[in-house]
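When you line the sequence shown up against our numbering, it's residues 1 to 121, in that order. Virtual Cβ for every residue (Gly too), placed ideally from N, Cα, C.
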Amino acid sequence: MATDQDFVEYVAEQASLGERLSYRKMFGEYAVYVDAKVVALACDNQLFVRPSAAVDALGLDLPTGPPYPGAREHPIADELLDSPERLQRLLLETSKHMPVPKPKKPRASRKQGGRGGKAGG
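Below, the structure is given as structure tokens:
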């Protein structure tokens, strides 16, 4: 079952991080970003936080489960959706533990003409 966009918008609203939080649809589910770092996955209308030391650092006892078949266990932060301050702290702390994203390489431009030969001749 794919995640509803309304669910992800609710997560963003509850986290109250403004432009620091963004999300992108991927394979019917969503990746949630804070400061351009993936901090959570929204799968089947549940919020799976990336595994890190953040959960322990905040003293949270969250249930765990795989966000999709074959994935490793992730803390499930659904119970924090009704506690915006705790959700915000968890997402910010998780972001601190995530690596800085690698810069994207520019895409190679495609040659015009279709056959790879010289045009106009």
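- Secondary structure at K25: strand, using DSSP grouped into helix, strand and coil.
- Burial is judged here by how many other beta carbons sit within 10 angstroms of a residue's own beta carbon; V55 has at least 16 and is buried.
- V39 is the residue among K102, V39, R107 whose C-alpha sits nearest the C-alpha of L87.
- Per DSSP, the unbroken beta strand (DSSP E) holding A40 starts and ends at 37-43.
- The DSSP assignment places no complete beta strand (DSSP E) segment of no fewer than 3 residues inside the stretch 76-116.
- In this chain, the beta strand (DSSP E) harbouring L47 covers 46-49.
- Put simply, the backbone Cα of H74 is about 7 Å away from that of P67.
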